[in-house]
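Protein chains in written order, with the numbering used here: chain P, 22 to 135; chain Z, 11 to 123.
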Amino acid sequence: SQTIHQWPATLVQPVGSPLSLECTVEGTSNPNLYWYRQAAGRGLQLLFYSVGIGQISSEVPQNLSASRPQDRQFILSSKKLLLSDSGFYLCAWSQHPGDSKGYTFGSGTRLTVV
Amino acid sequence: AQSVSQHNHHVILSEAASLELGCNYSYGGTVNLFWYVQYPGQHLQLLLKYFSGDPLVKGIKGFEAEFIKSKFSFNLRKPSVQWSDTAEYFCAGPGGSQGNLIFGKGTKLSVKP
């Protein structure tokens, strides 16, 4: 069966520090991978998605970047964090964008920038 | 641009009350619609989905939703809520540049015992 892992679960980082959040998927190959940010009262905002190794699309301009160095690994990064980067970050996967099964989400990373 | 909107930010109900959470979408193509639930401290889980066929879909834990194409709606219902239904509920549908899943802002449901 497929599983998705995200780490760390929580992170407190100072403003201006770098960020690296990791997400891996097991039990499937060539998944579509997604990074969402959940902010209170704003729902889930799609940040990045990837259809394959090295292929990244950004949905919103921001201070963050994403990379996919391996088929089942998706990384969210920042060179210098801002206070506004605080939030709950969720990784998800699906077989394709319009997958009728929906997306499967990881357990999330709570990022607090201080 | 495509969008998914949820009408209620926070709903407070007593146990055994009936629930209806509103969701409207704007998308002209093939519509796959979903409701996700996030229980306190847990990750997002799929509650139910509409892909095609019968517009009334049933999900886990007694939830159901009705796809009404003429109203662009996909409201979530449950006849009798329980304290354990306390959670945040998200409606989702296709959007973005590749038909990726986009979400409404969520509705927090608090059920008083």
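Backbone N, C-alpha and C fix where the C-beta goes; we use that ideal spot for every residue, glycine too.
Is the region 69 to 77 of chain P in contact with the region 45 to 59 of chain Z, if contact means three or more CB pairs nearer than 8 Å?
no
Contact criterion: CB-CB distance below 8 Å. Does Z/K115 meet it with respect to chain P?
yes
Nearest-angstrom Cα distance between Z/F61 and Z/Y35?
14 Å
What residues in the region 60 to 71 of chain Z have a beta carbon less than 7 Å from any beta carbon of chain P?
F61
Which residues in chain P have a C-beta closer than 7 Å to the C-beta of Z/I112? List them in chain order.
L67
Check the Cβ-Cβ distances between P/G108 and every residue of chain Z, and say whether any is below 8 Å.
no
Would you kindly report the start and end of the unbroken beta strand (DSSP E) that includes P/Q76?
76 to 79
Taking the straight line between their C-alpha atoms, what separation do you get for Z/G116 and Z/P104?
16 Å
With distances taken from CA atoms, which of Z/S13, Z/S24, Z/E30 is nearest Z/Q92?
Z/S24
Chain P residues whose Cβ lies nearer than 9 Å to that of Z/F10:
Because chain Z in this structure spans residues 11 to 123, residue 10 of chain Z falls outside the shown range and cannot be described.
Cβ distance (whole Å) where P/P118 is taken to contact Z/G109 below 8 Å:
5 Å
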